[in-house]
Amino acid sequence: MPKDELKGGFRLIGTRPNRPDGLDKVTGRARYGADIVAANMLHAAVVRSPHAHARIKKIDASRALALEGVKAVVTRADFPTGLTGEDWNLQENTIAGDTALYDGHAVAAVAATSALVAQDAARLIEVEYEILPHVTDVDAAMAPDAPVIRAGYADHSVPEGMHPNVVRYIDFGHGDTEAGFAAADLIREHTYKTEATHQGYIEPHACLGQLGADGRGEMWVCTQGHWYIRRMCAAVLGIDAANLRVTPSEIGGGFGGKTTIFMEPLALALSRKAGGRPVKLVMSRAEVLRATGPTASASMDVKIGMKKDGTITAAAVNFRMQGGAFIGMSPVTEALQCAFACYDIPALMHEGYEVLANRPKAAAYRAPGAPMAAFAVESLLDEMCRELALDPLRVRLKNAAKEGTKSSYGPSYNRIGFVETLEAALAHPNLAAPLGPNQGRGVASAFWFNHGGETSVSLAIGEDGTVQVSVGTPDIGGSRASIALMVAERIGIEYDAVRVNVVETGALGVNEPTHGSRATFASGKAAVEAAEQAIAEMCRRAAAEWGIDAEAVEWVDGAACPAGPNAGKFPPMTIAEIGAKMGGTGGPISGHHESVPGGVGASFGTHVVDVEVDPATGKTTVLRYLVVQDAGRAIHPAYVEGQYQGGAAQGIGWALNEEYVYGADGRLQNPVFLDYRIPVASDLPMIDTVIVEVPNPGHPYGVRGVGETGIAPPLPAIANAVAAATGARLRSLPISPPKLLAAMKHK
Amino acid sequence: MTKIHVTTTVNGETAEFLTDPRETLLDVLRNQLGLTGSKEGCGTGDCGACSVLVDGVLVSSCLVLGVEAQGKTIETIEGMADPKGDLHPLQRKFIEHAALQCGFCTPGVLVAAKALLAQNPDPTETEIRYWLAGNLCRCTGYDKIVRAVQDAAAEMRGAA
Amino acid sequence: MRYHAVESFEDAVRIAASSRGTTRFLAGGTDVLVQLRAGLVQPDDLIDLKKINGVKDITRRADGGWDIGAAVSGAELGAHAALCRDWPGVVEGMRLVGSTQVQGRATLTGNLCNGSPAADSVPGLVAAGATATLIGPEGTRTIPVAEIPKGPGRTNLKPGEVIKAIHLPPCGANAGDAYLRFIPRTEMDIAVVGCAVSLRLDGDRVSEARVALGAVAPTVMLVPEAGAALVGSTLDDAALDALVTAARAACRPISDKRGTVEFRIEVAGVLARRAALIAYARAKGETA
Chain A
0 MPKDELKGGF
10 RLIGTRPNRP
20 DGLDKVTGRA
30 RYGADIVAAN
40 MLHAAVVRSP
50 HAHARIKKID
60 ASRALALEGV
70 KAVVTRADFP
80 TGLTGEDWNL
90 QENTIAGDTA
100 LYDGHAVAAV
110 AATSALVAQD
120 AARLIEVEYE
130 ILPHVTDVDA
140 AMAPDAPVIR
150 AGYADHSVPE
160 GMHPNVVRYI
170 DFGHGDTEAG
180 FAAADLIREH
190 TYKTEATHQG
200 YIEPHACLGQ
210 LGADGRGEMW
220 VCTQGHWYIR
230 RMCAAVLGID
240 AANLRVTPSE
250 IGGGFGGKTT
260 IFMEPLALAL
270 SRKAGGRPVK
280 LVMSRAEVLR
290 ATGPTASASM
300 DVKIGMKKDG
310 TITAAAVNFR
320 MQGGAFIGMS
330 PVTEALQCAF
340 ACYDIPALMH
350 EGYEVLANRP
360 KAAAYRAPGA
370 PMAAFAVESL
380 LDEMCRELAL
390 DPLRVRLKNA
400 AKEGTKSSYG
410 PSYNRIGFVE
420 TLEAALAHPN
430 LAAPLGPNQG
440 RGVASAFWFN
450 HGGETSVSLA
460 IGEDGTVQVS
470 VGTPDIGGSR
480 ASIALMVAER
490 IGIEYDAVRV
500 NVVETGALGV
510 NEPTHGSRAT
520 FASGKAAVEA
530 AEQAIAEMCR
540 RAAAEWGIDA
550 EAVEWVDGAA
560 CPAGPNAGKF
570 PPMTIAEIGA
580 KMGGTGGPIS
590 GHHESVPGGV
600 GASFGTHVVD
610 VEVDPATGKT
620 TVLRYLVVQD
630 AGRAIHPAYV
640 EGQYQGGAAQ
650 GIGWALNEEY
660 VYGADGRLQN
670 PVFLDYRIPV
680 ASDLPMIDTV
690 IVEVPNPGHP
700 YGVRGVGETG
710 IAPPLPAIAN
720 AVAAATGARL
730 RSLPISPPKL
740 LAAMKHK
Chain B
0 MTKIHVTTTV
10 NGETAEFLTD
20 PRETLLDVLR
30 NQLGLTGSKE
40 GCGTGDCGAC
50 SVLVDGVLVS
60 SCLVLGVEAQ
70 GKTIETIEGM
80 ADPKGDLHPL
90 QRKFIEHAAL
100 QCGFCTPGVL
110 VAAKALLAQN
120 PDPTETEIRY
130 WLAGNLCRCT
140 GYDKIVRAVQ
150 DAAAEMRGAA
Chain C
0 MRYHAVESFE
10 DAVRIAASSR
20 GTTRFLAGGT
30 DVLVQLRAGL
40 VQPDDLIDLK
50 KINGVKDITR
60 RADGGWDIGA
70 AVSGAELGAH
80 AALCRDWPGV
90 VEGMRLVGST
100 QVQGRATLTG
110 NLCNGSPAAD
120 SVPGLVAAGA
130 TATLIGPEGT
140 RTIPVAEIPK
150 GPGRTNLKPG
160 EVIKAIHLPP
170 CGANAGDAYL
180 RFIPRTEMDI
190 AVVGCAVSLR
200 LDGDRVSEAR
210 VALGAVAPTV
220 MLVPEAGAAL
230 VGSTLDDAAL
240 DALVTAARAA
250 CRPISDKRGT
260 VEFRIEVAGV
270 LARRAALIAY
280 ARAKGETA
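Protein chains in written order, with numbering that gives the first Met the number 0: chain A, 0 to 746; chain B, 0 to 159; chain C, 0 to 287.
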């Protein structure tokens with residue numbers, strides 16, 4: 000791909016055509032996880048621990064098995080032993096062994112001829128528990144008197160003398176922080192806390208699994224990544240990956256939470272035990288909130304040194320995060336790496352601890368770790384700007400990372416667009432909007448790495464010259480459309496002549512999920528590479544027919560053409576003509592691309608929010624919201640805006656209302672949408688967006704991932720706006736009215 | 000468990016089914032009538048993904064029993080386009096405005112928005128937001144949904 | 000579970016009396032179905048009241064008061080212009096329950112019988128001096144709505160008793176009422192605090208006032224001291240301050256996932272002041 004393509008002048012890229020799956024999704028035809036049925040199907044229900052921490056003394060399923068219509072019950076005894084590492088973690092979370100580790104931990108599952116019978120049967124399974132002491136707060140879990148969740152799991156990195164619940168320690172940095180702080184005019188240091196939140200996808204987890212006595216099976220499942228489902232289910236059940244064919248349904252939101260397994264092996268184990276009958280398992284909302292992917296909760300110390308002109312001389316952080324009762328789940332590493340990634344700071348020190356607590360196994364949630372880190376760092380930065388009477392955007396500009404900056408987490412940046420987001424924010428009319436009484440403005444920035452990941456794409460030319468593209472990344476927010484735009488652009492055909500299909504595990508090599516903001520970047524890049532292969536082959540076919548060298552043929556606007564006057568005089572041979580006769584010219588024409596694509600482009604964002612706080616109740620209303628983010632290049636701008644707006648809405652929810660509330664008994668108090676309060680339509684204003692385009696040199700069309708960065712800035716931006724409106728600085732989220740009102744009284 | 004025989008009208012067609020009295024209208028629509036366009040996001044009336052019209056009234060079908068459908072007229076997302084398949088203006092505008100990402104909440108939002116426009120052909124942004132407050136969307140931040148409803152309303156008024 | 004679609008309250012009461020297990024009545028269903036789904040209740044007999052003649056009626060009595068049938072939904076209440084003119088506070092309380100979708104089904108009687116101290120429709124009814132007609136195995140009786148809540152999830156209805164209708168007194172001249180609640184979002188939440196004020200004016204002066212609070216005690220409660228603080232005043236600052244003090248003094252809240260004791264007490268005063276001002280303006284005919 001010639002790099003001058005990065006400059007633009009595109010026929011299709013940057014337009015906003017209708018998405019190919021739009022019709023199915025507005026008519027109710029699109030099939031999601033729970034929408035499929037199979038002949039002879041059974042329905043499953045799961046028995047879950049009501050205790051945060053309890054030894055399972057006995058499970059008696061005899062009454063359930065006696066119920067008419069009940070076909071199988073599984074417990075941990077039906078799963079293989081001897082797993083290690085993350086495979087063991089996955090199995091342990093799928094179904095508890097001798098100990099239930101959190102409220103909602105699966106203990107047994109039952110399959111029956113109807114969902115109602117399965118639910119009745121689940122209530123008849125008697126589990127005898129010995130309740131153990133529990134801990135759910137991250138700081139409490141590190142305290143000397145905390146109950147031990149798992150002894151002996153701490154790795155060698157953990158300093159001696161720490162509580163066994165501390166399982167990992169990490170530190171890194173650069174420069175001389177002592178000298179850096181000594182050079183500062185102002186040093187400030189504070190502690191920040193964020194509560195766990197849930198991805199909150201509206202579609203509960205659902206699957207239909209079938210597994211025979213021969214170890215061969217199939218699964219239909221809502222997931223961000225069906226090869227992950229295949230690998231994880233195979234490991235947990237002790238079957239061969241190739242013998243499990245996994246087909247992704249349409250997916251009703253994931254945000255990272257559907258990149259792993261939760262209950263899928265239960266459906267397969269039940270099927271195997273019920274003579275291979277297909278088993279459908281659909282979670283309730285309460286099960287989703289109690290037992291699937293929340294993010295970590297965090298406790299964070301930040302220290303920053305700044306000169307009077309706003310130059311940051313040094314910074315240090317110490318983060319503590321719990322990701323549930325399972326090792327390796329807290330995104331503390333990513334949080335540390337993101338903490339100062341926006342800035343060029345001469346001296347930095349990062350330290351972090353991963354801690355176990357009696358909570359569900361955390362899953363990825365949109366830029367895992369970045370929102371917490373941004374809340375802590377960007378809040379303190381804002382406070383210091385206020386103290387020094389400096390403009391917070393200009394201070395960010397002064398310290399901004401640029402191309403060539405050695406990042407806070409190690410590598411030097413390629414071409415990045417952070418400065419451009421700050422400049423666009425400074426120029427935006429929202430920044431000049433007048434503010435009334437009890438109103439305040441807050442700004443904040445954030446970073447996300449983005450990800451390449453294992454990618455396999457196949458592309459085939461049809462007999463009529465249309466093109467099918469097979470990708471392995473489920474389409475959550477319009478990636479079929481953006482991939483079709485890129486392929487159509489490259490081949491030189493109409494957008495509608497390209498059909499992008501998300502295909503099952505049997506159809507392609509391994510693909511990582513739609514995660515890390517990678518679908519449009521990685522599957523898109525691979526699809527363009529596959530198109531190049533097909534184009535090369537089409538040029539060879541034309542060359543053979545014309546009797547000239549393949550090198551003498553070039554591809555222009557959807558047709559093979561002689562390259563220059565010396566190649567001979569032939570009329571262009573269109574893709575439709577080549578497709579129509581390919582059976583006689585050498586057979587099917589296709590292209591494939593398998594890689595772990597490099598050239599991932601980081602995405603930076605800057606948000607500006609205006610809020611109004613009711614001084615009598617502490618209720619915060621978001622008046623105005625602006626997202627500015629570098630997309631590299633917006634392939635389908637409407638869906639880029641959609642990512643910005645959706646990320647901002649989730650961040651606003653995290654800042655103001657969303658939280659996991661555990662009672663003294665360790666039970667989740669709010670496992671319903673009534674009390675797990677995600678933003679509703681009337682809570683939000685229109686969300687203004689500015690798409691900055693600093694093309695990523697690592698992608699043929701300059702694409703950067705855009706999905707994740709947008710969730711991080713709202714947490715600090717809202718805290719900063721609330722501080723501006725009220726004078727009260729909230730260093731823990733959410734900024735709920737009771738908390739804010741109390742802070743306003745005591746400021 | 001004795002099942003009850005119910006005769007009802009769904010999207011203009013007579014439908015009959017046998018239902019356990021514990022089953023909701025949503026269960027019946029999805030599992031017995033094959034109308035899986037209505038979704039279950041919560042089962043507690045908090046998300047709106049199961050929105051349908053019963054005798055013209057917007058309800059959460061997870062909060063209606065299947066037996067209550069006896070003699071009623073029910074409209075679901077599957078009946079929103081005309082019988083030839085021409086989309087309702089709301090459906091068209093949702094595609095054009097990219098007002099859906101994952102699409103899971105979309106059927107419920109569309110059914111609810113249609114009920115709004117039936118009684119208020121020219122709603123303000125605030126009226127749209129409050130009417131749809133019971134339709135949770137986690138992907139879009141609602142911005143493009145509001146715009147699509149406004150644009151569809153304008154077209155339906157002949158103002159576009 | 001047996002489902003009974005009854006055609007009279009007498010049948011409903013008879014079936015309830017003969018049931019040997021758990022009975023639930025279905026008016027709107029928005030609470031009962033959630034409880035069913037969560038497995039909190041597994042009724043043996045579910046008695047659907049919606050097919051009884053008259054349960055969907057809103058009727059103005061000869062005295063100018065109103066009778067509201069047991070199955071009238073929030074949406075139907077809100078669509079009744081004359082009722083909204085007379086009792087805007089009662090209607091706005093009910094209209095705050097749940098989403099548009101829930102409004103298509105939820106009822107005043109259901110909201111009342113659910114027994115929640117945070118029920119949004121109940122403070123307005125209590126402040127209005129509403130009554131309810133109950134029918135049960137021992138016959139029919141009419142009692143003040145204020146006497147129905149007993150504690151969280153509990154009512155003073157006798158076993159097998161069901162509400163037939165709710166009655167609002169005539170609103171009379173120069174009267175206004177209002178209900179406000181505090182929730183952290185704009186919609187879809189359970190009230191952290193609720194407050195209804197119903198008052199009547201004689202010229203610019205308040206001649207009668209009733210104040211009811213929700214979610215600050217085990218039941219919705221009438222606060223006579225708060226009403227008394229307004230009587231005789233023109234809603235001047237001193238009267239409003241006295242109202243706030245009296246409202247806060249009456250609170251006996253708990254701290255839970257939705258709010259703290261301190262917050263609830265504080266906000267009860269804030270809402271009382273604001274609701275009184277709205278009710279006063281309505282009584283003066285200044286606002287809807």
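Don't be surprised by glycine CBs; every beta carbon is placed ideally from N, CA and C.
- Annotation: R1/C has no Cβ neighbours in chain A at a cutoff of 7 Å; minimum Cβ distance is about 15 Å.
- Not one beta carbon of chain A lies nearer than 7 Å to the beta carbon of T8/B.
- Spatial neighbours of G706/A in its own chain (CB-CB distance under 6 Å, excluding positions within 5 residues in sequence) are listed in chain order as S516 and Q642.
- Interface annotation, C41/B: in contact with chain A, CB-CB separation under 7 Å.
- Going by beta carbons, Q223/A and H592/A fall outside the 7 Å limit.
- Of all C-beta pairs linking the segment 362-373 of chain A to the segment 319-333 of chain A, three or more are shorter than 8 Å, placing the two stretches in contact.
- For V679/A, the C-beta contacts it makes with chain C under 8 Å involve R184, T185, E186 and M187, in order along the chain.
- By the CB criterion at 7 Å, A195/C and L167/C fall outside the cutoff.
- A buried status is given to S50/B, since no fewer than 16 other beta-carbon atoms sit within 10 Å of its beta-carbon.
- Under the DSSP assignment, V25/A falls outside any beta strand (DSSP E), being part of the alpha helix (DSSP H) whose first and last residues are G21 to T26.
- I186/A has G304/A as its beta-bridge partners, per DSSP.
- Looking at the backbone, the Cα of M161/A and that of Y659/A are separated by about 26 Å.
- Under the 7 Å criterion on CB atoms, Q649/A is classed as non-interfacial with respect to chain C.
- Under the 10 Å beta carbon count, E77/B is surrounded by 16 or more other beta carbons and is classified as buried.
- About 33 Å separates the beta carbon of Q69/B from that of V148/B, a gap too long to meet the 8 Å contact definition.
- Closest in alpha carbon position to G107/B, among D85/B, D121/B, W130/B and E124/B, is W130/B.
- Under DSSP, K50/C forms no beta bridge with any residue.
- Excluding sequence positions up to five before and after A399/A, its CB lies within less than 6 Å of the CB of F417 and V418, all in the same chain and listed in chain order.
- Nearest in C-alpha terms to V287/A, of all of K307/A, V25/A, M262/A and H698/A, is M262/A.
- Going by DSSP, M383/A is part of no beta strand (DSSP E) but of the alpha helix (DSSP H) stretching over A369 to E386.
- C-alpha of K163/C to C-alpha of Y31/A: approximately 43 Å in a straight line.
- Against G21/A, the close residues of chain B are I94, in the order they occur along the chain (beta-carbon pairs closer than 7 Å).
- For L109/B, the C-beta contacts it makes with chain A under 8 Å involve V25, in order along the chain.
- Contacts with chain C at 7 Å (Cβ-Cβ) do not include T619/A.
- Between F103/B and chain A, the shortest Cβ-Cβ separation is below 7 Å.
- For Q100/C and K283/C, the gap between their C-alpha atoms comes out near 34 Å.
- Using a Cβ-Cβ distance cut-off of 8 Å, the segment 725-737 of chain A and the segment 649-656 of chain A are in contact, since at least three pairs of beta carbons, one from each stretch, lie closer than that value.
- Out of V45/A, H427/A, D97/A and Q90/A, the CA that lies nearest to the CA of R54/A is found in D97/A.
- In its chain, beyond the 5 residues on either side, I490 and W554 have a beta carbon closer than 7 Å to the beta carbon of I534/A.
- When DSSP states are grouped into helix, strand and coil, C206/A belongs to the strand group.
- When C-alpha distances from D629/A are compared across P143/A, W447/A, A338/A and L396/A, the shortest belongs to W447/A.
- Take the alpha-carbon of V599/A and the one of V269/C: they are about 53 Å apart.
- For V12/C, the uninterrupted alpha helix (DSSP H) run begins and ends at F8 to S17, by DSSP.
- Taking 7 Å as the cut-off, the beta carbon of P264/A is found closer than this to the beta carbon of C232/A.
- Scanning its chain for C-beta atoms nearer than 7 Å, with the 5 sequence neighbours on each side dropped, one finds around A228/C the residues A238, A241, L242 and A245, in chain order.
- Residues of the segment 11-28 of chain B with a Cβ closer than 9 Å to any Cβ of chain C, in chain order: D19, P20, R21 and T23.
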